[in-house]
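First the structure, in the form of structure tokens, and then the observations on it.
Numbering (the UniProt record's numbering), first residue to last: 1 to 313.
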């Protein structure tokens, strides 16, 4: 981990933390999900740098070591996309491959639609391309659906506020590693779904948790609740949502995202390829929602194969 360099990039009126390793013209940019930060890509960054790539992983505004936005509750996906463009310009990187996890798939694909000349390829894990438009999932799931709860102003803040940041991250990692969607009962909060005697997943160490906990202790969860959860219905004015760049989707067969209404059919039937025609889909039989941390060697090889055969062959 010591070989990963850290810098702060002043763009868009604030300071953004960027982790970086490797050099050269082949640039891969990693976009994290929640409750992740740049650190969730540690295994991939070191591997790719060793294979001759330049790996860059920013913390979104309000996450990790990046500055919080002046008004967190007004932060949007559009801001993340503008930040990414400004960071790439600052780092003088004209063309990149985007690798994204969880909600990071949205800014990755939206960036590819808005700035196609900058994107050579897209890899996502845990979440496929989702066409722009209002989120429909909460219409088909109970009131205690975690996204519905976290979209409600003040509810998650009160729920998370009973615990320290490290415990919140621990609970979410345990919840999101399961194959069922987290849904609370009417008189229950999402944090109450985790029995505190349940151990961390074997691939996630106490040291890893301490790293996440310390950074969320610094940043808090205010921006993280705004983007993604409270910004899901944002209109980015994209009228033709077809991504032309080569793409790869890596899904764990045990990922709870498959349980979202219509999601499994959308992916497995190939309907997603209506929006991303040049898409390969790979399923990991034992994989959960955190495949890049759960099975780093396997995921690293899949990314390298994609880069070496589809992008820089």
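Glycine included, C-beta positions come from ideal geometry on N, C-alpha and C.
Given the structure is predicted, the values throughout are model-derived calculations rather than measurements.
{"Query": "Span of the beta strand (DSSP E), counted from its first residue to its last, around residue 211", "Result": "It is not in any beta strand (DSSP E) - residue 211 instead sits in the alpha helix (DSSP H) that spans 206–219."}
{"Query": "Proximity to residue 46 [Cα-Cα], best of 28, 63, 36 and 34", "Result": "28"}
{"Query": "According to DSSP, residues forming a beta bridge with residue 7", "Result": "18"}
{"Query": "Pair within 8 Å by beta-carbon distance, residue 41 and residue 51", "Result": "no"}
{"Query": "Extent of the continuous beta strand (DSSP E) run through residue 101", "Result": "96–101"}
{"Query": "The ligand GTP heavy atom lying under 7 Å from the CB of residue 69", "Result": "The model on display carries no ligand, and the ligand GTP is accordingly not part of it."}
{"Query": "Alpha-carbon spacing of residue 315 relative to residue 240, whole angstroms", "Result": "This structure cannot speak to residue 315, because the chain is shown only from 1 to 313."}
{"Query": "Extent of the continuous beta strand (DSSP E) to which residue 42 belongs", "Result": "Segment 42–50 is the alpha helix (DSSP H) holding residue 42; no beta strand (DSSP E) there."}
{"Query": "Close beta carbons around residue 96, own chain, < 6 Å, minus the five adjacent residues each side", "Result": "27 and 29"}
{"Query": "Backbone secondary structure at residue 314 - three-state DSSP", "Result": "Residue 314 lies beyond the residue range present for the chain, which begins at 1 and ends at 313; the question has no answer from this structure."}
{"Query": "Buried or exposed by the 16-neighbour rule on C-beta atoms within 10 Å, applied to residue 66", "Result": "buried"}
{"Query": "Proximity below 8 Å, CB of residue 125 to CB of residue 291", "Result": "yes"}
{"Query": "Distance, residue 310 Cα to residue 153 Cα", "Result": "43 Å"}
{"Query": "Cβ contact (3+ pairs, closer than 8 Å) linking the region 139–150 and the region 179–190", "Result": "yes"}
{"Query": "Three-pair Cβ contact test at 8 Å for the region 255–262 versus the region 225–233", "Result": "no"}
{"Query": "Selection from 77, 55 and 75 that minimises the alpha carbon distance to residue 88", "Result": "55"}
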